[in-house]
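Going by the working numbering, the sequence shown opens with residue 11, and the numbers climb by one from there. Just so you know, even glycine gets a beta-carbon here, dropped at the ideal spot from N, CA and C. Below you'll find the structure, written out as structure tokens, and then a few comments.
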Amino acid sequence: MGEFSIFHWLIVLAVVLIFFGGRRIPEVMKGLGEGIRSFKDGMAGGAAAPTPAPATLLSAPTGITAKSGKGQIALSWSASAGASTYNVKRSGTSGGPYALIVSTGATSYTDEGLASGAYYYVLSSVGAGESMNSVEVTGTAS
């Protein structure tokens, strides 16, 4: 018990041949050798794969204002460093859920064609990723 006899090794070889075929054994052994070598290099502190540079975190837009109007709400905000566009999201209830209504490169947007009532907005900056949502602002369409 606990030791492999020649009979056991022959069974293992037969199973490998059945699963991989005779022509694939050199590929399998090459992959096994590369895996063992990579493991040994990792354990010995050898050359590791380069770690990606940390992504710069975008900040959410600030200074958001909502100007109420007849059937519309005009939003404006301050630019965020690193942002190429801004996602404007709207909800009919405070706290969301918010639906994306537009992505724009400008720092203002007028949401038009609204029925009378209160609307809640958040914005996010988009560049090399997307920021968290901004603080919520409220506008009322009349």
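Quiz item: What do you get for Lys-5, buried or exposed, if any count of 16 or more other CB atoms within 10 angstroms of its CB means buried?
Solution: The first residue shown for the chain is 11 and the last is 152, placing residue 5 beyond what the model contains.
Exercise. Could you round the C-beta distance between Ser-113 and Val-136 to whole angstroms and report it? I think they count as a contact, below 8 Å.
Key: With a Cβ gap of about 7 Å, Ser-113 and Val-136 count as contacting.
Quiz item: Are there three or more Cβ pairs, one per stretch, closer than 8 Å when the region 72-88 is compared with the region 119-133?
Solution: Proximity of the region 72-88 to the region 119-133 meets the contact definition, three or more beta-carbon pairs being nearer than 8 Å.
Quiz item: Going by C-alpha distance, which of Ala-128, Gly-31 and Val-98 is nearest Gly-115?
Solution: Among Ala-128, Gly-31 and Val-98, the Cα nearest to that of Gly-115 is on Val-98.
Quiz item: Between Ser-101, Pro-107, Pro-71 and Ser-104, which lies nearest to Ser-90 when the distance is taken from Cα to Cα?
Solution: It is Pro-71.
Quiz item: For Ser-88, which option in Gly-102, Lys-50, Leu-133 and Leu-27 has the closest C-alpha, if you only look at C-alpha atoms?
Solution: Of the candidates Gly-102, Lys-50, Leu-133 and Leu-27, the residue whose Cα lies closest to the Cα of Ser-88 is Leu-133.
Practice problem: Have a look at Leu-68 and Met-142 and give me their C-alpha separation to the nearest angstrom. | Solution: Using only the alpha carbons, I get a separation of about 8 Å.
Quiz item: Based on the DSSP output, what are the partners of Tyr-130 in its beta bridges?
Solution: For Tyr-130, which the question treats as bridged, DSSP gives the partners Ser-101 and Thr-148.
Practice problem: Assign Arg-100 to buried or exposed, taking buried as 16 or more other Cβ atoms, counted over all protein chains shown, within 10 Å of its Cβ. | Solution: Buried, since its Cβ has 16 or more Cβ neighbours within 10 Å.
Quiz item: Closest by CA to Leu-110, which one among Lys-40, Tyr-131 and Phe-49?
Solution: Nearest to Leu-110 by alpha-carbon distance, out of Lys-40, Tyr-131 and Phe-49, is Tyr-131.
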